[in-house]
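Chains A and B, in that order, give the protein sequences. Quick note: the first sequence uses numbering that gives the first Met the number 0, first residue 0, plus one each step. Quick note: the second sequence uses numbering that gives the first Met the number 0, first residue 0, plus one each step.
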Amino acid sequence: MLAKLNSYGLTGIEGCLINVEVDISSGLQRVDTVGLPDNAVKESKERVRSAICNSGYAYPEMRVVVNLAPADIKKEGTVYDLPIALGILCARGIFPIHAADDYIIIGELALDGRVRPVTGVLPMVINAYERGFRNFMLPYENAEEASYFGDMNIYPVKNLNEACGHFRGTRLIETFPQLKWKDIKVRHTHDFSEIKGQQQAKRAAEIAVAGNHNLLLIGSPGSGKTMLARSIPSILPDLTMEESLEITRIHSIAGELRGKSGIITEHPFRAPHHSASIPALVGGGPRALPGEISLAHYGVLFLDEFPLFPTAVLEALRQPLEDGIVTITRASAKTTYPAEFMLVAAMNPCPCGNFGSKTKECRCTPMQIERYRNRISTPLLDRLDLHIEMIEVDYEDLISKEKAESSEAIRARVCAARKLQLERYKDDGILYNAQLTSQLMRKYCTMTADAEALLKTAYERFKLSARGYSRVIKVARTIADLAGSETIQKQHILEAVQYRGVDEKYWGTR
Amino acid sequence: MREYGQKERAWLWLGDTVGANVRLAEELLYNNGGIMELFDSARRGAKLILPEKAPASLSKSLRNNCSDSFIDMLTERMEKAHITAVTRDSEGYPELLREIYDPPTVLYVKGKADLNVKLPIAVIGSRKCTAYGKEMAAYFGRRLAEKGACVVSGLALGCDSIAAENAANTAPNDMPTIAVLGSGVDVVYPYQCAALYNLICERGAVISEYKPGTRPARENFPQRNRLISGLSKGVLVIEAAAKSGTRITAEFALEQGRDVFAVPGRITDLMSVGTNGLIKSGEAKSVFDVDDILYEYGVFGPDVEKPIKDTDTSSLTSEQREIFKALLGGEKTVDELCMITDYSVSDINMYLTEMELSGIIKQLPNGEYGV
Numbered sequence: 000m001l002a003k004l005n006s007y008g009l010t011g012i013e014g015c016l017i018n019v020e021v022d023i024s025s026g027l028q029r030v031d032t033v034g035l036p037d038n039a040v041k042e043s044k045e046r047v048r049s050a051i052c053n054s055g056y057a058y059p060e061m062r063v064v065v066n067l068a069p070a071d072i073k074k075e076g077t078v079y080d081l082p083i084a085l086g087i088l089c090a091r092g093i094f095p096i097h098a099a100d101d102y103i104i105i106g107e108l109a110l111d112g113r114v115r116p117v118t119g120v121l122p123m124v125i126n127a128y129e130r131g132f133r134n135f136m137l138p139y140e141n142a143e144e145a146s147y148f149g150d151m152n153i154y155p156v157k158n159l160n161e162a163c164g165h166f167r168g169t170r171l172i173e174t175f176p177q178l179k180w181k182d183i184k185v186r187h188t189h190d191f192s193e194i195k196g197q198q199q200a201k202r203a204a205e206i207a208v209a210g211n212h213n214l215l216l217i218g219s220p221g222s223g224k225t226m227l228a229r230s231i232p233s234i235l236p237d238l239t240m241e242e243s244l245e246i247t248r249i250h251s252i253a254g255e256l257r258g259k260s261g262i263i264t265e266h267p268f269r270a271p272h273h274s275a276s277i278p279a280l281v282g283g284g285p286r287a288l289p290g291e292i293s294l295a296h297y298g299v300l301f302l303d304e305f306p307l308f309p310t311a312v313l314e315a316l317r318q319p320l321e322d323g324i325v326t327i328t329r330a331s332a333k334t335t336y337p338a339e340f341m342l343v344a345a346m347n348p349c350p351c352g353n354f355g356s357k358t359k360e361c362r363c364t365p366m367q368i369e370r371y372r373n374r375i376s377t378p379l380l381d382r383l384d385l386h387i388e389m390i391e392v393d394y395e396d397l398i399s400k401e402k403a404e405s406s407e408a409i410r411a412r413v414c415a416a417r418k419l420q421l422e423r424y425k426d427d428g429i430l431y432n433a434q435l436t437s438q439l440m441r442k443y444c445t446m447t448a449d450a451e452a453l454l455k456t457a458y459e460r461f462k463l464s465a466r467g468y469s470r471v472i473k474v475a476r477t478i479a480d481l482a483g484s485e486t487i488q489k490q491h492i493l494e495a496v497q498y499r500g501v502d503e504k505y506w507g508t509r
Numbered sequence: 000m001r002e003y004g005q006k007e008r009a010w011l012w013l014g015d016t017v018g019a020n021v022r023l024a025e026e027l028l029y030n031n032g033g034i035m036e037l038f039d040s041a042r043r044g045a046k047l048i049l050p051e052k053a054p055a056s057l058s059k060s061l062r063n064n065c066s067d068s069f070i071d072m073l074t075e076r077m078e079k080a081h082i083t084a085v086t087r088d089s090e091g092y093p094e095l096l097r098e099i100y101d102p103p104t105v106l107y108v109k110g111k112a113d114l115n116v117k118l119p120i121a122v123i124g125s126r127k128c129t130a131y132g133k134e135m136a137a138y139f140g141r142r143l144a145e146k147g148a149c150v151v152s153g154l155a156l157g158c159d160s161i162a163a164e165n166a167a168n169t170a171p172n173d174m175p176t177i178a179v180l181g182s183g184v185d186v187v188y189p190y191q192c193a194a195l196y197n198l199i200c201e202r203g204a205v206i207s208e209y210k211p212g213t214r215p216a217r218e219n220f221p222q223r224n225r226l227i228s229g230l231s232k233g234v235l236v237i238e239a240a241a242k243s244g245t246r247i248t249a250e251f252a253l254e255q256g257r258d259v260f261a262v263p264g265r266i267t268d269l270m271s272v273g274t275n276g277l278i279k280s281g282e283a284k285s286v287f288d289v290d291d292i293l294y295e296y297g298v299f300g301p302d303v304e305k306p307i308k309d310t311d312t313s314s315l316t317s318e319q320r321e322i323f324k325a326l327l328g329g330e331k332t333v334d335e336l337c338m339i340t341d342y343s344v345s346d347i348n349m350y351l352t353e354m355e356l357s358g359i360i361k362q363l364p365n366g367e368y369g370v
């Protein structure tokens with residue numbers, strides 16, 4: 000007897016349809032899995048056997064061949080357990096042969112017959128939906144993740160018996176209610192109102208988010224760099240469903256959704272440790288999995304102790320920072336992942352952190368300090384548009400009752416500024432000021448005469464580099480957008496110059 | 000080509016063989032009756048009376064190196080590298096150095112070789128100086144040179160190099176600064192000072208008691224410091240932490256009977272603990288302007304430029320003046336300015352840049368701004 004079911008696999012970020020064919024014929028008892036299965040798929044026959052037996056069915060003491068088609072794509076992971084088990088039961092005649100024809104079946108089996116959640120469900124469902132499939136049998140824990148996407152029937156299944164009963168028609172599984180995107184309320188764990196003082200840093204964060212600029216925070220330990228960075232997602236504009244699905248898709252592939260339910264509605268905040276390798280950060284491994292920069296897509300990538308990251312790792316960030324995508328090529332896989340993230344880097348002023356402090360002694364030698372700072376190359380420094388120094392807040396500031404501005408108020412301004420940019424750049428293929436090319440800058444960054452004169456003075460007086468110069472203009476463009484001004488005025492340039500002021504002190508240039 | 004006399008050649012031989020180990024050289028001289036006697040004995044192949052602790056190879060190398068051809072090679076090599084040797088019997092040897100306990104046998108010089116300058120004043124200070132230290136080093140370096148003094152320093156980062164740079168850039172002085180190195184005179188250390196090194200070679204002199212080519216070693220620097228104070232009539236300490244190389248130089252100066260001056264700082268500043276301590280113990284005279292130093296050496300001038308700033312605020316807007324006034328009371332961060340003045344951050348940033356551009360205020364480490 001032959002049974003055919005549909006399941007889904009992943010190639011990179013995209014899903015691909017896999018036909019699971021099970022044939023039972025007379026012969027010595029034996030199970031063969033063909034169709035380029037990896038180890039997890041090969042082992043599936045043991046789980047399937049135990050699950051079938053422990054669910055109260057008899058396992059066929061005959062020859063079983065499982066074919067995963069198309070046979071030339073590598074099959075990975077455990078998603079095929081459930082379709083294989085159901086295929087065997089179907090071939091034994093437990094349920095009608097065409098009952099599961101228009102279903103996509105995904106799930107891992109436990110030995111007792113329970114269905115376990117798997118990774119990467121969302122990209123599979125999206126792809127299958129686009130191919131016209133409307134019925135999905137998914138592990139119960141994965142149901143929510145898929146349920147925001149489109150109009151379809153999701154049958155959450157808890158164990159093999161339920162699945163079998165459904166196809167026999169004896170006990171139908173209720174479809175999972177489709178969730179509405181607009182019902183989602185995002186709750187942020189951090190809020191700008193909790194940050195006392197740090198006016199300048201908060202303002203810099205607002206500008207950075209408004210124009211999608213990258214941010215460098217310099218400050219002694221305990222000055223609140225991490226706190227500020229963690230609060231940045233709370234002033235990013237709310238995610239659209241498409242963005243949310245894209246984020247969830249990437250996280251789903253990386254297995255980051257394990258143990259969490261549903262879809263990612265919050266901007267990701269990723270803070271890898273400085274021991275991270277290049278593959279960990281940009282993506283890689285034999286399966287070309289996404290790295291931290293892709294997991295931070297539409298969110299914040301926070302690199303604390305920035306100079307302690309290996310130089311090669313930091314330099315590897317430069318290309319994705321420019322392009323917003325990263326292509327990972329490995330022997331067995333080649334994948335392009337999106338990586339539109341906002342980089343927030345943080346560092347101490349010197350290795351011990353007390354440089355410049357009047358009350359704490361800095362124990363570093365001038366050479367150590369220079370070596371520490373020189374780990375940040377000038378091209379990389381130039382890619383961080385705003386540089387800001389954070390100072391430890393006095394105790395009195397911390398206990399002051401006066402609440403600072405909330406994230407919501409800041410977000411409103413950010414949204415307005417971003418809207419202006421989207422409108423302005425709708426024909427230019429870019430979204431934000433940070434992406435302006437020199438050609439577009441000439442077109443859109445018109446300045447008043449006194450602003451231009453001022454910029455020239457600042458360029459000479461502060462010894463701005465050529466890149467630093469264009470960064471000042473881009474930041475000034477964002478400041479003007481925040482103020483709702485079409486041309487860049489003198490005061491916008493004046494403020495923008497301040498956010499490169501640290502360079503002269505620390506690196507001798509701006 | 001500079002010709003070296005017979006005595007000078009003898010010193011060159013001794014200096015090259017014994018190196019900067021002045022104690023050893025002194026003992027050799029004492030045991031053998033003087034430089035010429037020592038030199039002659041070595042040339043004749045007679046037995047040399049060596050000090051007890053001398054290395055075994057010393058007598059061999061003394062004898063090997065005393066040939067004319069070897070000394071000619073030394074002088075040629077120095078000539079090529081534009082180095083002049085000033086020995087204890089050379090004309091340019093600084094008289095002040097002869098007073099100290101262990102004057103070097105040979106000084107290697109790049110630049111002007113007459114080291115007997117009119118009024119040598121050492122200006123020393125921490126390598127990690129604060130903005131205040133930088134400002135004071137610049138002021139004293141420049142003003143001392145303008146008044147005809149010669150700024151002696153160690154070409155270290157921080158106070159030393161700032162004072163030397165400001166002195167070297169002062170036009171009418173023909174020997175504005177001397178830098179004393181802890182490495183060979185042709186070895187630039189630290190590398191950040193390369194430009195300054197060249198400037199000093201041209202305008203003044205870079206000197207060292209170490210043989211050309213000697214790498215900088217940690218233990219050379221305290222020994223070098225005794226020359227900085229020894230070369231000078233007075234030593235001005237700009238900034239010093241409680242325990243520091245700067246303190247060591249100040250102690251050398253006291254031992255050598257030099258005048259010590261110190262720039263007072265705030266009693267809470269870590270970088271002023273050393274200077275304030277010198278003043279408190281009576282070891283140093285506190286100086287408030289350059290005339291406080293020059294007065295001690297009988298140099299008087301009618302024009303007194305005080306380090307106290309007197310900025311013309313008439314061109315400022317009322318907002319800028321408000322910020323300026325706040326900063327006059329001490330360095331402040333943007334946050335503090337926000338609290339004091341009630342302007343928004345973006346406005347304050349704007350005013351600060353404007354004033355920075357006109358040079359009225361400047362950024363300091365730790366996010367502060369100062370006048």
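Beta carbons: idealized from backbone N, C-alpha and C, even for Gly.
Outcome for residue i when other beta-carbon atoms lying within 10 angstroms are tallied against a minimum of 16
i	result
Ile252(A)	buried
Glu145(B)	buried
Ser376(A)	exposed
His212(A)	buried
His97(A)	exposed
Phe287(B)	exposed
Met35(B)	exposed
Cut-off 8 Å between Cβ atoms - residues of its own chain near residue i, not counting five sequence neighbours on either side
i	result
Leu11(B)	Tyr3, Ile70, Leu73, Thr74, Ala84, Thr86 and Val105
His296(A)	Glu245, Ile246, Ile249, Pro267, Tyr336, Pro337, Ala338, Glu339 and Phe340
Gly221(A)	Glu391
Residue i: first and last residue of the uninterrupted alpha helix (DSSP H) it sits in
i	result
Gln490(A)	Lys489 to Gln497
Ser243(A)	Met240 to Ile252
Lys455(A)	Ala448 to Arg460
Asn373(A)	Pro365 to Asn373
Gln199(A)	Gln198 to Gly210
Enclosing beta strand (DSSP E) for residue i [first to last residue]
i	result
Ser6(A)	Leu1 to Thr10
Val19(A)	Glu13 to Ser24
Met389(A)	Leu385 to Met389
Asp31(A)	Arg29 to Val33
Glu318(B)	Here Glu318(B) belongs to no beta strand (DSSP E); instead the alpha helix (DSSP H) covers Ser317 to Leu327.
Ile70(B)	Taken as a continuous stretch (DSSP letters only), Ile70(B) belongs to no beta strand (DSSP E), being part of the alpha helix (DSSP H) at Asp67 to Lys79.
Pro337(A)	Ala332 to Pro337
7 Å Cβ shell around residue i - same chain, five flanking residues per side excluded
i	result
Thr10(A)	Ile72
Ile478(A)	Ile206, His491, Glu494 and Ala495
Leu198(B)	Ala167
Lys331(B)	Ala325, Glu367 and Tyr368
Thr34(A)	The residue asked about is misnamed: residue 34(A) is Gly in this sequence, not Thr. Excluding sequence neighbours, Gly34(A) sits near Asn66, Leu67, Ala68, Ala70 and Lys74.
Is the number of C-beta pairs between the stretch 144-157 of chain A and the stretch 37-53 of chain A that are closer than 8 Å three or more? no
Segment contact flag, the stretch 159-170 of chain A with the stretch 178-189 of chain A, C-beta cutoff 8 Å, min 3 pairs: no
What residues in the stretch 193-216 of chain A bring their beta carbon closer than 8 Å to a beta carbon of chain B? Gly196, Gln197, Gln198, Gln199, Lys201 and Arg202
Would you check if the stretch 119-131 of chain B and the stretch 140-156 of chain B touch, i.e. whether three or more CB-CB distances between them fall below 8 Å? yes
Residues of the stretch 346-369 of chain A in Cβ contact with chain B at a cutoff of 9 Å, in chain order, please. Pro348, Phe354, Gly355, Ser356, Lys357, Thr358, Lys359, Glu360, Cys361, Cys363, Thr364, Pro365, Met366, Ile368 and Glu369
Is the stretch 194-214 of chain A in contact with the stretch 224-231 of chain A, if contact means three or more CB pairs nearer than 8 Å? yes
Counting pairs of beta carbons, one from the stretch 333-347 of chain B and one from the stretch 360-380 of chain A, are three or more of them closer than 8 Å? no
Using 8 Å as the Cβ pair cut-off and three pairs as the minimum, do the stretch 310-321 of chain B and the stretch 351-361 of chain B touch? yes
Name, going along the chain, the residues of the stretch 480-503 of chain A whose beta-carbon falls closer than 9 Å to a beta-carbon of chain B. Leu481, Ala482, Lys489, Gln490, His491, Ile492, Leu493, Glu494, Ala495, Val496, Gln497, Tyr498, Gly500, Val501 and Glu503
Listed from N- to C-terminal order along the chain, which residues in the stretch 337-360 of chain B have their beta-carbon within a distance smaller than 7 Å of any beta-carbon of chain A? Cys337, Val344, Ser345, Asn348, Met349, Leu351, Thr352, Glu353 and Leu356
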